[in-house]
Amino acid sequence: MHMEYRAGESTFGPLPLKSIWEPHILRDFELRVILQVAGCEDIVARLLQGDGVGPADIPPLDVANYVAKQKGYLPLFVGSDTEVRISEGGEDVLREFFASDEWKHRNRQQTRRL
1 MHMEYRAGES TFGPLPLKSI WEPHILRDFE LRVILQVAGC EDIVARLLQG
51 DGVGPADIPP LDVANYVAKQ KGYLPLFVGS DTEVRISEGG EDVLREFFAS
101 DEWKHRNRQQ TRRL
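Everything in the sequence shown is counted per this note's numbering, starting at 1 for the first residue and increasing by one.
1. Give the single residue among Leu94, Glu41, Leu48, Val33 whose Cα lies nearest to the Cα of Gln70.
2. I need the boundaries of the beta strand (DSSP E) containing Tyr53, first residue and last residue.
3. Less than 6 Å between C-beta atoms, sequence neighbours within five positions excluded: which residues of the same chain meet that for Glu102?
4. In three-state DSSP terms, what is Arg106?
5. If the criterion is Cβ atoms closer than 8 Å, does the pair Ile126 and Leu26 meet it?
6. Nearest CA to the CA of Leu61: which residue from Gly50, Pro23, Val84?
7. Starting from Gly90, trace the beta strand (DSSP E) both ways and give me its first and last residue.
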């Protein structure tokens, strides 16, 4: 076994993934980075409005889940190729996040364009 570190915590063995929806000091920053790297903020906004996603929307959501995993978080989006939803506990957090200063004052040029 080896020791791993994350945000001031240490543990032996593999680091268990955490939910990004739980409050912590860097959550809004982490969400901004994940959504901008994946280029999926428009897709997420549509999901929050109750709209469905198409086949072209799946790859950016997969990228967001991959980046989240690399940062130590559980997937942000769950479902199949035809029906994707925001993972449990995420809708209210994302609604608040999209209204936050962190999101409103982001540099839009840092968003990945497909």
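Using N, Cα and C, we set each Cβ at its ideal position, and we do this for glycine too.
Everything numeric in this text was worked out from a predicted model, so none of it was measured.
On the basis of the data shown:
1. Val33
2. It is Val, not Tyr, that sits at residue 53 in the sequence shown. Premise fails: Val53 is in no beta strand (DSSP E) and is neither H nor E.
3. Asp28, Arg32
4. coil
5. Residue 126 is absent from the model: the chain starts at 1 and stops at 114.
6. Val84
7. From DSSP, Gly90 is part of no beta strand (DSSP E) but of the alpha helix (DSSP H) over 90 to 98.
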